[in-house]
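Novice:
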Amino acid sequence: MLDKPMSYRQAVAVLIMFNFGSSVVMGVSTGTGQDAWVALLLSVALTMPVVLMYGRIAELNPETGFFDVIEAQFGKIAGKVVAALLTWYALHLCALVLRNFSEFIQISSLLDTPQLPVMVIMLLAVGYLAKLGCKALGKWAIATLPVVLTVVFLTVVLSINVMKFENILPVFEHSIGQISEDAFKIFSFPLCETVLFLSVADCIRKSDNPKKIYVFGMLFSSGVLLIIILRNLFVLGAEVVATEYFPSYSAARIINLGDFLSRIEGSISINFILAGITKITVCLIAASKGISRLFGIDDYRQLVMPTALLAMALATIVYKNTMEMFAFINYYAFYAMPFEVAIPAAVWIVSEIRKKKAQPTAGPRG
Amino acid sequence: MMIAILLTVYLGTLLIDFRAHLKDSKALVKALYLALLFVSFSVLTLYEFGVEIPSPAGPIQDAVRALFGVE
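Note that the protein sequences, when read in sequence, are chains A and B. The opening residue of the first sequence carries number 142 in my numbering; numbering runs sequentially from there. The opening residue of the second sequence carries number 33 in my numbering; numbering runs sequentially from there.
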């Protein structure tokens, strides 16, 4: 392990901020309108076994990088193939979040500014943080999480006077099939994207339980996402939420307290920047570690900057416009499944089998 | 203007990151570093010159459509 280890609190904060990532502004899938909160709860129930599996992988392979685990469990050739797939996913997700960020900035505030300079500024911060390693990322997450939570809390409290609580009715208007479909989308984006957190799991101390980190981080972030969904629903209504690209931003725009407090939607941008930096950094660390592993390089930090620029190039070409970006979400859930469930499941099963075989069998004495 | 920004970023990366931190690195690391820089720089420059570069999103959507029938 190259990096200094993260404390338990830092690891949880990184996981929570990773989950917030783009969801804190883009929201989660709201195809089921006023039933989106049911879909979120269902997706959390679906995600729990998966995050327990992630935690178990980290527990079985303490202080070992995910890519090292893959190579150790699958052998050299198969391990390299699987590592290459996960590296692609990390790089692609890094590019997708970066593009979400630049699209949001362009739509919300810098209409005539090209997206490239925005991406460059973001990547300089992210690249620097990734080069500093996991410990710095943990400290960053600990420092910024209260800011994000305060903004969410403030926007909820300040929008109470414009909330229409009847917007949640009628409950269960959508069929179980539609709610399950929405839950599946939330399951893959953002909840199970935390598979990439495994790439920094080697920075978790042996004494800390990774399962606890995963479960607590997941429940906490899901709770906040639930509050965000309900806030947007109460303030905007199901129809408006469904048509908005960035519902949290639109909800915050409505907040107006007398003549002295308005235009606080800028605070939502702060949330996106802070959580986005954490998510992109984790993706970048994962992609850099993957590339380093593939080429047998010990220190991933040497390749952080070129990997960041590669992600920027990918982010530039990945969509032609905002509509394409949001249309891709429908396909993303299916595309991400092998990376989020199939590969980790295979790693977990092989790790369990090897652990069982490695344990000395206690035979009868006599 | 975008090309100027790109050149500044890549020159800065070479001068600050590559020269300062990879001086004593192995040849493989240096070669990989420069190769990755070259790929990203080529893509970004071509894009800025208006050359259409195929996005990975298209094939991914086609594959998902073919496998799962998602529309």
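Virtual Cβ for every residue (Gly too), placed ideally from N, Cα, C.
Smallest Cα separation from Ser163/A: which of Ile411/A, Leu227/A, Gln214/A and Lys353/A?
Specialist: Walking along the first sequence from the start, residue 163/A turns up at place 22. It is Ile411/A.
Novice: I need the straight-line Cα distance from Arg372/A to Ile405/A, nearest angstrom please.
Specialist: In the first sequence, counting from the first residue as 1, residue 372/A sits at position 231. In the first sequence, counting from the first residue as 1, residue 405/A sits at position 264. For Arg372/A and Ile405/A, the distance between alpha carbons rounds to 15 Å.
Novice: Can you tell me where the alpha helix (DSSP H) with Leu444/A in it begins and where it stops?
Specialist: Stepping through the first sequence from its first residue, residue 444/A is reached at position 303. Per DSSP, Leu444/A belongs to no alpha helix (DSSP H) and is neither H nor E.
Novice: So with Cβ pairs under 8 Å, would you call Pro88/B a contact of chain A?
Specialist: Along the second sequence, one-based indexing puts residue 88/B at 56. By this cut-off, Pro88/B is an interface position.
Novice: Please confirm if the stretch 437-449 of chain A is in contact with the stretch 261-280 of chain A, defined as three or more CB-CB distances below 8 Å between the two stretches.
Specialist: At 8 Å Cβ cutoff, the stretches touch.
Novice: Return the CA-CA distance between Gly82/B and Val41/B, expressed in angstroms with no decimal places.
Specialist: Indexing the second sequence from 1 puts residue 82/B at position 50. Indexing the second sequence from 1 puts residue 41/B at position 9. Cα to Cα, the separation comes out at about 20 Å.
Novice: Residues in its own chain within less than 8 Å of Lys347/A by CB, not counting five upstream and five downstream?
Specialist: The residue you call residue 347/A lines up with position 206 of the first sequence. Excluding residues within five positions, the ones whose Cβ falls inside 8 Å are Pro203 and Glu204.
Novice: Excluding the 5 residues preceding and the 5 following Met194/A in the sequence, name in chain order all residues of the same chain whose CB lies nearer than 8 Å to its CB.
Specialist: Translated into the one-based positions of the first sequence, residue 194/A becomes position 53. Closer than 8 Å at Cβ, skipping near neighbours: Pro485, Ala486 and Trp489.
Novice: Expressed to the nearest angstrom, what Euclidean distance is found between the alpha-carbon atoms of Cys550/A and Ile368/A?
Specialist: There is no way to answer for residue 550/A, as the model of chain A reaches only from 142 to 507.
Novice: Check this for me: beta carbons of Ile458/A and Ser87/B, under 8 Å apart or not?
Specialist: In the first sequence, residue 458/A corresponds to position 317, counting from 1. In the second sequence, residue 87/B corresponds to position 55, counting from 1. The answer is yes: Cβ separation under 8 Å.
Novice: What does the Cβ neighbour count give for Ala95/B, buried or exposed, with the cut at 16 atoms within 10 Å?
Specialist: For the purposes of this step, residue 95/B is taken as residue 63 along the second sequence, with counting starting at 1. Counting Cβ neighbours within 10 Å, Ala95/B comes out exposed, since fewer than 16 surround it.
Novice: At which residues does the alpha helix (DSSP H) containing Leu66/B begin and terminate?
Specialist: Counting from one through the second sequence, the residue named residue 66/B turns up at place 34. Here the alpha helix (DSSP H) through Leu66/B covers Ala59 to Glu80.
Novice: For Thr508/A and Val376/A, I'd like the C-alpha separation in whole angstroms.
Specialist: The first residue shown for chain A is 142 and the last is 507, placing residue 508/A beyond what the model contains.
Novice: Would you call the stretch 282-291 of chain A in contact with the stretch 429-441 of chain A, where contact means no fewer than 3 C-beta pairs closer than 8 Å?
Specialist: Short answer: they don't touch.
Novice: Which residues of the stretch 215-242 of chain A have a Cβ closer than 8 Å to any Cβ of chain B? Give them in chain order.
Specialist: Cβ contacts with chain B: His233.
Novice: What does a CB cutoff of less than 8 Å around Met158/A pick up in its chain, not counting 5 residues either side in sequence?
Specialist: Indexing the first sequence from 1 puts residue 158/A at position 17. So the qualifying residues of the chain are Ala282, Thr285, Leu286, Val289, Leu415, Ala416, Thr419 and Lys420.
Novice: Is the CB of Val261/A under 8 Å away from at least one CB in chain B?
Specialist: Within the first sequence, residue 261/A is the residue found at index 120, counting from 1. Yes, contact with chain B.
Novice: Does the distance from the CB of Leu232/A to the CB of Leu451/A come in under 8 Å?
Specialist: Reading the first sequence from its first residue, position 91 is the one you call residue 232/A. Reading the first sequence from its first residue, position 310 is the one you call residue 451/A. In this structure, Leu451/A lies closer than 8 Å to Leu232/A by Cβ.
Novice: Buried or exposed: which applies to Ser250/A, given that a residue is buried once 16 or more other Cβ atoms fall within 10 Å of its Cβ?
Specialist: As a working note, residue 250/A is residue 109 in the first sequence. It counts as exposed.
Novice: Mind reading off the beta-carbon distance from Asp209/A to Glu314/A? Whole number of angstroms is fine, and I expect it under 8 Å.
Specialist: As a position in the first sequence, residue 209/A is number 68, starting the count at 1. As a position in the first sequence, residue 314/A is number 173, starting the count at 1. 49 Å between Cβ atoms; not a contact.
Novice: In the stretch 423-451 of chain A, which residues sit with their C-beta less than 7 Å from some C-beta in chain B, listed in chain order?
Specialist: From the stretch 423-451 of chain A, only Phe436, Ile438, Gln443, Leu444, Met446, Pro447, Thr448, Leu450 and Leu451 have a Cβ closer than 7 Å to chain B.
Novice: Look up Met158/A in the DSSP assignment and give the residues it is bridged to.
Specialist: In the first sequence, residue 158/A corresponds to position 17, counting from 1. Its beta-bridge partners do not exist; DSSP assigns none.
Novice: When the Cα atoms are used, what is the spatial distance from Val293/A to Lys272/A?
Specialist: Position 152 of the first sequence, counted from the first residue, corresponds to residue 293/A. Position 131 of the first sequence, counted from the first residue, corresponds to residue 272/A. Each residue's alpha carbon lies about 30 Å from the other.
Novice: Measuring only the C-alpha atoms, how far is Phe306/A from Asn397/A?
Specialist: Numbered from its first residue, the first sequence carries residue 306/A at position 165. Numbered from its first residue, the first sequence carries residue 397/A at position 256. One C-alpha to the other measures close to 18 Å.
Novice: Tell me the DSSP secondary structure of Ile396/A in three-state form.
Specialist: Looking up residue 396/A in the first sequence gives position 255. Three-state result, Ile396/A: coil.
Novice: Can you confirm whether Leu68/B, when its beta carbon is compared against all beta carbons of chain A, has any partner nearer than 8 Å?
Specialist: Residue 68/B sits at position 36 when you count from the first residue of the second sequence. With 8 Å as the cut-off, Leu68/B counts as an interface residue toward chain A.
Novice: CA-CA distance, Ala52/B and Glu334/A?
Specialist: If you number the second sequence from 1, residue 52/B lands on position 20. If you number the first sequence from 1, residue 334/A lands on position 193. Each residue's alpha carbon lies about 34 Å from the other.
Novice: Is the distance from the Cβ of Ser184/A to the Cβ of Ala383/A below 8 Å?
Specialist: Working through the first sequence from its first residue, we reach residue 184/A at position 43. Working through the first sequence from its first residue, we reach residue 383/A at position 242. No. Outside cutoff.
Novice: Using 8 Å for Cβ pairs, my map puts Pro388/A next to Gly168/A. What's the rounded Cβ distance?
Specialist: Along the first sequence, read from residue 1 onward, the residue named residue 388/A stands at position 247. Along the first sequence, read from residue 1 onward, the residue named residue 168/A stands at position 27. Contact flag correct, Cβ pair sits at about 5 Å.
Novice: Using 8 Å for Cβ pairs, my map puts Asn308/A next to Leu374/A. What's the rounded Cβ distance?
Specialist: Numbered from 1 along the first sequence, position 167 holds the residue referred to as residue 308/A. Numbered from 1 along the first sequence, position 233 holds the residue referred to as residue 374/A. Indeed, because the Cβ distance is near 5 Å, the residues count as touching under 8 Å.
Novice: Anyone know if the C-beta pair for Leu38/B and Glu80/B falls short of 8 Å?
Specialist: Taking the second sequence and counting its residues from 1, one reaches residue 38/B at position 6. Taking the second sequence and counting its residues from 1, one reaches residue 80/B at position 48. Yes. Within cutoff.
Novice: Tell me where the alpha helix (DSSP H) around Arg97/B begins and ends.
Specialist: On the second sequence, position 65 is the one that residue 97/B refers to. That run of the alpha helix (DSSP H) goes Ala89 to Phe100.
Novice: Just to check, is the beta-carbon of Ile37/B closer than 7 Å to a non-hydrogen atom of the ligand ADP?
Specialist: Looking for the ligand ADP in the displayed structure turns up nothing, as the structure carries no ligands at all.
Novice: Determine the DSSP secondary structure at Met147/A, reduced to helix, strand or coil.
Specialist: In the first sequence, counting from the first residue as 1, residue 147/A sits at position 6. Of the three classes helix, strand and coil, the one that applies to Met147/A here is strand, per DSSP.
Novice: For a contact defined as C-beta to C-beta under 7 Å, what are the partners of Phe100/B on chain A?
Specialist: On the second sequence, position 68 is the one that residue 100/B refers to. By Cβ distance, chain A contributes Phe475.
Novice: Against chain B, does Leu257/A count as a neighbour if the rule is that its beta carbon must be under 8 Å from one of theirs?
Specialist: The residue labelled residue 257/A in the question sits at position 116 within the first sequence. At least one chain B Cβ lies under 8 Å of Leu257/A.
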